[in-house]
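Going down the list, the protein sequences come from chains A and B.
For what it's worth, my numbering labels the leading residue of the first sequence as 23, then goes sequentially.
For what it's worth, my numbering labels the leading residue of the second sequence as 433, then goes sequentially.
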Amino acid sequence: MLKSVTYVLKENLSNLYRIYSISKYELLGDMRDSKFGIFWNFASPAIQVFTYWLVFGIAWGRNAVTYRGITVSYLPWLVVGFACWWYIRPCITEGCSAVFSKTNVITKMKFPVSVLPATVCLKELFNHWIMMIITIVTLMLCGYYPNWNWLWILYYMFCAFMLAEAIGLVLSVLTMLWRDVKKFITSIMRMLMYFSPILWTCEFKSHVPFHSLLNKLVKANPVYYIIQGYRDAVFYGRSVLNHPVITLYFWCLVLVIFIIGCALMYKFKKKFIDMI
Amino acid sequence: MAKKVDSEYAVICDHISKIYTLRNKDNQHRTDKKEFYALKDVSFKTKKGEVVGILGTNGSGKSTLSLLLSGISEINEGTMQINGEQALIAIQTGLQMQLTGLENIDAKGALMGLRKKRIEEITNDVIDFAELGDFLYQPVKKYSSGMKSRLGFSISLALNPDIFIVDEALSVGDKGFAKKCMDRMMKLRDEEGKTIFFISHSLPQVREFCRTGMWIEGGRLIEIDDIDKVCDDYAEYVDFMNAMTKKQKKEFLEKKFEKRLIEPKPKHRLFHR
């Protein structure tokens, strides 16, 4: 087990430039394909946020979210959660096909396959930065100005990266074993979106049966930790130091998933070519 | 004693086999598992600095052998020992259609695992060698297939392994470029003393370039000997195949295919009757 973890870590760390270049040129290739290029990296998440805000904020009249005595109006609250989700979701769905989409490369040259999930996460990180620009502009329009506590976002971004990388390692191998995994995950992610505090606080009211158990289950979702962390940093002036237990839980979970991913990757590293 | 003797060899293959699983004709499910020898019981030794031409008809296992030699795929049976770093020359792999030729030098170079500094070093050489002129600044999707190969091959040359594996890479491009590639390969052979495995269907090219010939047919190693002898024998075999009538040929091929099949193992039964 230790062998597989060191193998994956070594392969990733000794290929940093390769990871960087692959994600850079994939992004560049995507942009060249369309006429407006980088404009779409801005426009498509902005349109998404706008839609959800129209539906949930205006049409359904959700106006403000109160948490720990601080009330935040719906649009800035939504935009922060959405920015975070807009990073994790593509990382995971694209992570599924990280290895499969590079079939032509791994069958034709000797290639460190375990770096592929990292390239996907890095590529999406670029889009995430763009999304963060939109987020910050929206926040400033709503009257929230940057302060030092916002820097905790960088820590939670790292959390999201590691989570996505760990899940990507597992899922990319599983997708090679069964192509159905990707379809399954795409549907699951839609469900997960509603069980993460993105559009609503994800708190079951006391009239719902088993509400305390459900509320605990929601917190077991690692995405909860990250999204809540983003909001803590922006609105509530809290940091990771305020949540030691859930932080420990989150990192243990990431570590376990990562080790499973490494073990799978190590086991199948030379068998991918026979699975295509 | 083993280590010292072995080190003069670049590749030692001892009874290696590669097995693929076949699918049913009618559907995609692998219900009755049929297995198939892509390579069966191949043994050979190759000295360092040797240039081996690999011959064989389509589907005889040449490319499988090249994948095994380059370490991309794993063998199922036998042992294989490779001394030195090996690389398969894959010319069109890693070229991105939307990017320009110049960007592709970076992209493909990084994909092959070159460092940033090394890529900067080779960029001019690649541009010189590929001779694309102003097309260098056009997206690769506008290139003709010959131009793509030029670019891809030029970038591949930046690799510096001990063992080159060239799988039909030189049969593209026009004659002038093919000659240039051959000259470059000759230089690798003569001046740098690389071990080269060369897969090609062009007999004159193989005769000129290689010193040892290896003939693979139906997954088995038929002959490994001096290049001229192997080429003659192989040419004779091809003529023999061409002389056959359609029906004979079909039968012949079927027989050959059947030889490579592995009988499915008797199913393990839980309950005896």
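Even glycine gets a Cβ: it sits at the ideal position worked out from N, Cα and C.
Does the separation of the CB atoms of Val101(A) and Val71(A) fall below 7 Å?
Residue mapping note: residue 101(A) aligns to position 79 of the first sequence, counting from 1. Residue mapping note: residue 71(A) aligns to position 49 of the first sequence, counting from 1. Their beta carbons are under 7 Å apart, which means Val101(A) touches Val71(A) by this criterion.
So, at 6 Å on beta carbons, what are the nonlocal neighbours of Leu568(B) in its own chain, with the 5 sequence-adjacent residues on each side left out?
Position 136 of the second sequence holds residue 568(B). These residues qualify, in order along the chain: Gly533 and Leu534.
Listed in chain order, which residues of the region 39-70 of chain A have Cβ atoms closer than 7 Å to some Cβ of chain B?
Under the 7 Å Cβ criterion, the region 39-70 of chain A contributes Tyr39, Arg40, Ser43, Ile44, Tyr47, Leu50, Gly51, Arg54 and Asp55.
Note down, in chain order, each residue of its chain lying with its Cβ closer than 7 Å to the Cβ of Leu564(B), except the 5 sequence neighbours on either side.
On the second sequence, position 132 is the one that residue 564(B) refers to. Counting only Cβ-Cβ distances below 7 Å, and skipping sequence neighbours, we find Gly533, Met579, Arg582 and Leu583.
Consult DSSP for Thr223(A) and reduce its assignment to one of helix, strand or coil.
Locating residue 223(A) in the first sequence gives position 201, where the first residue counts as 1. Of the three classes helix, strand and coil, the one that applies to Thr223(A) here is coil, per DSSP.
Taking the C-alpha atoms as reference points, what is the distance between His150(A) and Thr160(A)?
Counted from its first residue, the first sequence places residue 150(A) at position 128. Counted from its first residue, the first sequence places residue 160(A) at position 138. For His150(A) and Thr160(A), the distance between alpha carbons rounds to 15 Å.
Distance check for Arg652(B) and Ala519(B), CA to CA, integer angstroms please.
For the purposes of this step, residue 519(B) is identified with residue 87 of the second sequence, where counting begins at 1. For the purposes of this step, residue 652(B) is identified with residue 220 of the second sequence, where counting begins at 1. In a straight line, the C-alpha of Ala519(B) is about 23 Å away from that of Arg652(B).
Given this structure, state the Cα-to-Cα distance separating Val437(B) from Arg616(B), to the nearest angstrom.
On the second sequence, residue 437(B) is found 5 positions in, with the first residue counted as 1. On the second sequence, residue 616(B) is found 184 positions in, with the first residue counted as 1. With a pLDDT of 49 at Val437(B), under the threshold of 50, the modelled position of this residue cannot be trusted; read the value that follows with caution. In a straight line, the C-alpha of Val437(B) is about 31 Å away from that of Arg616(B).
Run the CB neighbour count on Ala434(B), radius 10 Å, all protein chains shown included, and call it buried at 16 or more, exposed below.
Translated into the one-based positions of the second sequence, residue 434(B) becomes position 2. Any reading at Ala434(B) needs caution, since the residue's pLDDT is 41, under 50, leaving its predicted position unreliable; the model's value is listed next. Exposed, by the Cβ-count rule.
Can Arg260(A) and Gln530(B) be called in contact, C-beta distance under 7 Å?
Counting from one through the first sequence, the residue named residue 260(A) turns up at place 238. Counting from one through the second sequence, the residue named residue 530(B) turns up at place 98. No; because the gap between Cβ atoms is not below 7 Å, this pair is not in contact.
Mind pulling the alpha helix (DSSP H) runs of 4 or more residues that sit fully within the region 50-137 of chain A?
The qualifying runs are 60-74, 96-118 and 125-128.
Compare the C-alpha of Ser577(B) against each of Val558(B), Asp594(B), Asp606(B) and Glu600(B) and name the closest.
Mapped onto the second sequence, residue 577(B) falls at position 145. Nearest option by C-alpha distance: Asp606(B).
What does DSSP give as the partner residue(s) for Met646(B) in the beta ladder?
The residue labelled residue 646(B) in the question sits at position 214 within the second sequence. BP columns for Met646(B) point to Ile486(B) and Ile656(B).
Between Ala539(B) and Ser43(A), how many whole angstroms is the CB-CB distance? I'm expecting something under 8 Å.
As a first step, residue 539(B) must be located in the second sequence, where it is residue number 107. As a first step, residue 43(A) must be located in the first sequence, where it is residue number 21. Confirmed, about 6 Å.
Looking at chain A, is there any beta carbon in it that lies within less than 7 Å of the beta carbon of Lys548(B)?
Sequence index remark: in the second sequence, residue 548(B) carries index 116 (1-based). Yes, Lys548(B) lies at the interface with chain A (some Cβ there is under 7 Å from its Cβ).
Measure the CB-CB distance between Ile248(A) and Cys143(A) and report whether it falls below 7 Å.
Against the first sequence, residue 248(A) aligns to sequence position 226. Against the first sequence, residue 143(A) aligns to sequence position 121. In this structure, Cys143(A) does not lie closer than 7 Å to Ile248(A) by Cβ.
Count Cβ pairs between the region 183-202 of chain A and the region 268-281 of chain A that sit closer than 8 Å; are there 3 or more?
Yes, the region 183-202 of chain A touches the region 268-281 of chain A.
Between Gly584(B) and chain A, is any beta-carbon pair separated by less than 7 Å?
Mapped onto the second sequence, residue 584(B) falls at position 152. It does not: the Cβ of Gly584(B) has no partner Cβ on chain A nearer than 7 Å.
For Met544(B), which residues in chain A fall below 8 Å Cβ to Cβ?
Residue numbering aside, residue 544(B) sits at position 112 when the second sequence is read from its first letter. Under the 8 Å cutoff, chain A gives Met131.
On the DSSP letters alone, give me the boundaries of the alpha helix (DSSP H) that Thr197(A) sits inside.
Stepping through the first sequence from its first residue, residue 197(A) is reached at position 175. Here the alpha helix (DSSP H) through Thr197(A) covers Trp174 to Leu199.
Quick one: give me the first and last residue of the beta strand (DSSP E) that Met512(B) is part of.
Against the second sequence, residue 512(B) aligns to sequence position 80. Met512(B) -> beta strand (DSSP E) spans Glu509 to Ile514.
Taking just the CA atoms, how far does Leu97(A) sit from Val267(A)?
Residue 267(A) sits at position 245 when you count from the first residue of the first sequence. Residue 97(A) sits at position 75 when you count from the first residue of the first sequence. Going from the Cα of Val267(A) to the Cα of Leu97(A) covers about 30 Å.
Helix, strand or coil for Ser475(B)? Go by DSSP, reduced to three states.
Counting from one through the second sequence, the residue named residue 475(B) turns up at place 43. Strand at Ser475(B).
Determine the closest residue to Thr644(B) out of His633(B), Ile628(B) and Gly650(B), with distance taken between C-alpha atoms.
Stepping through the second sequence from its first residue, residue 644(B) is reached at position 212. Ranking the options by Cα distance to Thr644(B), first place goes to Ile628(B).
Run down chain A in chain order and give the residues with a C-beta less than 8 Å from the C-beta of Tyr571(B).
Sequence index remark: in the second sequence, residue 571(B) carries index 139 (1-based). The displayed chain sequence assigns Pro, not Tyr, to residue 571(B). Under the 8 Å cutoff, chain A gives Arg54.
Examine the Cβ distances between the region 587-602 of chain B and the region 519-528 of chain B and report whether three or more of them are shorter than 8 Å.
Yes: at least three Cβ pairs fall under 8 Å.
Against Thr677(B), what residues of chain A qualify as contacts under a CB-to-CB distance less than 9 Å, listed in chain order?
Position 245 of the second sequence holds residue 677(B). Within 9 Å Cβ-Cβ: nothing; Thr677(B) doesn't reach chain A, min ~37 Å.
When you compare the CB positions of Pro231(A) and Ser194(A), do they come within less than 7 Å of one another, or not?
Counted from its first residue, the first sequence places residue 231(A) at position 209. Counted from its first residue, the first sequence places residue 194(A) at position 172. No.
Quick check on Val598(B): does DSSP put it in helix, strand or coil?
For the purposes of this step, residue 598(B) is taken as the residue at position 166 of the second sequence. Val598(B): strand per DSSP, three-state reduction.
Using the C-alpha atoms, what's the distance from Arg40(A) back to Gly545(B)?
Here residue 545(B) refers to the residue found at position 113 when the second sequence is read from its first residue. Here residue 40(A) refers to the residue found at position 18 when the first sequence is read from its first residue. Computed Cα separation, rounded: 6 Å.
Are at least three pairs of beta-carbons, each pair with one atom in the region 236-252 of chain A and one in the region 216-223 of chain A, less than 8 Å apart?
At 8 Å Cβ cutoff, the stretches touch.
Nearest chain A C-beta to Val437(B) closer than 7 Å, yes or no?
For the purposes of this step, residue 437(B) is taken as the residue at position 5 of the second sequence. Bear in mind that a pLDDT of 49 at Val437(B), under 50, signals an unreliable position, so the number given afterwards is only what the model happens to contain. Answer no: the Cβ-Cβ gap between Val437(B) and chain A never drops below 7 Å.
Who are the neighbours of Lys289(A) on chain B, taking C-beta pairs under 8 Å?
Mapped onto the first sequence, residue 289(A) falls at position 267. Neighbours of Lys289(A) on chain B: none; closest Cβ ~12 Å, over 8 Å.
Secondary structure at Ala590(B), three-state DSSP: helix, strand or coil?
Counting from 1 along the second sequence, the entry for residue 590(B) is found at position 158. Here Ala590(B) sits in coil by DSSP.
I want to see whether chain A comes within less than 7 Å of Met433(B), judged by CB atoms only; does it?
For the purposes of this step, residue 433(B) is taken as the residue at position 1 of the second sequence. Confidence at Met433(B) is low in this model, with a pLDDT of 36, below 50, so its placement is unreliable and the value that follows should be read with caution. By this cut-off, Met433(B) is not an interface position.
Kindly indicate which three-state DSSP category Thr160(A) falls into: helix, strand or coil?
Position 138 of the first sequence holds residue 160(A). Helix, per DSSP.
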